[in-house]
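Below is one structure; the comments refer to it alone.
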Amino acid sequence: MIRTTLATISALLLLALPAQAADDFIAAPTLRASVTVTSDVVRVGDLIDNAGSAALIPVYRSPDLGTTGALPVAHVLSVLRAKQVIGVMTGDIKEVQVTRLARTLANKDLETAVASALERRFGLGEAANIAVTFDRGVADMRLDASNTGALQPVATRYDARNGRFDIAFEINNDNNPTPTKLRFTGTAIETVEVAVLTRDIDRADLLKSSDIALERRPKAEITGEPASRDRTLGMQLRRPMRAGMPIRVADIVKPDFVSRDQSVTVIYQVPGIYLTTRGKALESGAEGDTVSVLNLQTKRTLAGIVTGRGQVTIQGASQSAPMAPAVEQTSSLKRDEAPTPAAAAAALAQSLVQAPASPAQAAQAQIAQAQIPQVRVPQAPAKSE
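Residue 138 in the UniProt record's numbering sits at position 138 of the sequence shown; the count goes up by one each step and never skips.
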């Protein structure tokens, strides 16, 4: 009977409470298992829901930037009671995880910011080619999460003689009208990508893919145009070079396809005629070079183009010795008539392949021609009228 009466009285009291009081009664303060903060202090409103007017009361110092700390529930309740915060619902929570947010500036981001501040200034080139080294080994940097602005250089100094820089940056802060200031010092050097030898290379060696590695070297160390990897493959060096040495365009040449005193194939090529014979190269040359070659049959010295390994091509009449006339005139040709192209090509090929006649042979030919009796044509007697 008594219990029924108490229940009835409680129900009537609840009905008599104002609506706002009923809401406050229902929304009890509840502890959070995980807390995220952005400032350097943890407040009551960060730890519990429905903190009411006590929400802004500071209770803990925040963990370091970008780190997470753990608080036992018993300790949290003790601190809250000291701040006159009671009746907090904890449920089955054993500890509270508190994480402090931060903005992380990676070392690579800082290097990029410095290179961008120096780009195309003080005689330097593209930012991508500027290597930055900080004093005291600057690692990743954490800032308060309220620093949401970009790194803006406000003062830049650079000494081109030793590559030293001193740059001040500012970052806008959402919680503070005064921007956050950062300052970095170190060295910045412009570099170039260059092909580097992976082993000792002799003058006669052809450069292979395994012989070349790409590295970035200070631009001041490379005198002349640096050679790219693609440009060096299949080429030869002008001089022997040791492993680790950078390769410049001036250090490489086309490989010699023909060496001096080498036995080569000589190709005679004119329209309609293609002949080959053996010869001896009188000088070395790479593909596309013009070299002198001795025809071993005719003993003529010719100038030809290196078109392959051990191969020289003669285009048209290219020789130092005088050539015989391509076509001799006969009684069947008038003096102002030219030989046909086919006849000219055949005569040119014959003059290239056959040896020139010696003076003795020419004299014998003249004697033989003189000994041939002349055929006389008898004339018919004139008719008398």
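Don't be surprised by glycine CBs; every beta carbon is placed ideally from N, CA and C.
| Query | Result |
| --- | --- |
| Runs of alpha helix (DSSP H) wholly within the region 99 to 142 (minimum 4 residues, chain order) | 107 to 118 |
| Gly304 in three-state terms, based on DSSP | strand |
| For Asp49, the three-state DSSP class (helix, strand or coil) | strand |
| CB-CB length for Leu47 against Val76, believed under 8 Å | 6 Å |
| Proximity to Gln97 [Cα-Cα], best of Pro271, Thr180, Arg136, Thr68 | Thr68 |
| Whether Asn129 touches Thr191 by CB criterion (7 Å) | yes |
| Coarse secondary structure for Val192, derived from DSSP in three states | strand |
| Contact the region 171 to 182 vs the region 132 to 140: 3+ CB pairs below 8 Å | no |
| 3 or more residues per run - each beta strand (DSSP E) lying fully within the region 26 to 82 | 34 to 37, 41 to 43, 58 to 61, 68 to 72 |
| Val249, DSSP secondary structure in three states | helix |
| Arg43 versus Ile171 - alpha carbon distance | 26 Å |
| Local Cβ density within 10 Å of Gln315, reported as buried at 16 or more and exposed below that | exposed |
| N-terminal and C-terminal residue of the alpha helix (DSSP H) that Arg231 is part of | 229 to 232 |
| Arg231 versus Ala102, Val249, Arg238, residue with shortest Cα-Cα distance | Val249 |
| 7 Å Cβ cutoff met for Thr185 and Asp166 | yes |
| Touch test, the region 292 to 307 against the region 251 to 266, Cβ-Cβ under 8 Å, three pairs minimum | yes |
| Beta-carbon spacing of Ala243, Arg199 below 7 Å | yes |
| At least 3 beta-carbon pairs within less than 8 Å: the region 116 to 132 vs the region 79 to 89 | no |
| Counterpart residues of Asn147 in DSSP-defined beta bridges | Partner(s): none; Asn147 has no beta bridge. |
| DSSP bridge partner residues for Leu296 (one or two, in chain order) | Leu296 pairs with nothing; no bridge assigned. |
| Strand pairing of Ala243, partner residues [DSSP] | The partner list for Ala243 (beta bridge, DSSP) is empty, contrary to what the question assumes. |
| 7 Å Cβ cutoff met for Ala213 and Val196 | yes |
| For Gln236 and Pro255, believed in contact at Cβ under 8 Å, the rounded distance | 5 Å |
| Assigned secondary structure, Ser284 (DSSP; H/G/I helix, E/B strand, else coil) | coil |
| Beta-carbon proximity of Ala33 to Ile93, cut-off 7 Å | yes |
| Selection from Ala102, Val114, Asp109, Val154 that minimises the alpha carbon distance to Ser146 | Ala102 |
| Cα-Cα separation between Ile273 and Asp211, rounded to whole angstroms | 44 Å |
| Boundaries of the beta strand (DSSP E) in which Thr265 is found, first to last residue | 263 to 270 |
| Boundaries of the beta strand (DSSP E) in which Leu214 is found, first to last residue | 212 to 218 |
| Reduced DSSP secondary structure (H/G/I, E/B, other) of Ala324 | Bear in mind that the predicted position of Ala324 carries a pLDDT of just 41, short of 50, making it unreliable; the figure below should be weighed with that in mind. Ala324: coil per DSSP, three-state reduction. |
| Three-state secondary structure (DSSP) of Glu95 | strand |
| Whole-angstrom C-beta distance between Gly163 and Leu207, which should lie under 8 Å | At roughly 32 Å, the Cβ-Cβ gap does not stay under 8 Å, so Leu207 and Gly163 are not in contact. |
| Residue 388 and Ser284 closer than 7 Å at C-beta | One cannot answer for residue 388 here, as it falls past the ends of the chain, which runs 1 to 385. |
| Buried versus exposed, by CB contacts within 10 Å (16 or more), Asp251 | buried |
| Range covered by the beta strand (DSSP E) that runs through Ile314 | 311 to 315 |
| Inter-residue spacing [alpha-carbon to alpha-carbon] between Ser292 and Arg238 | 22 Å |
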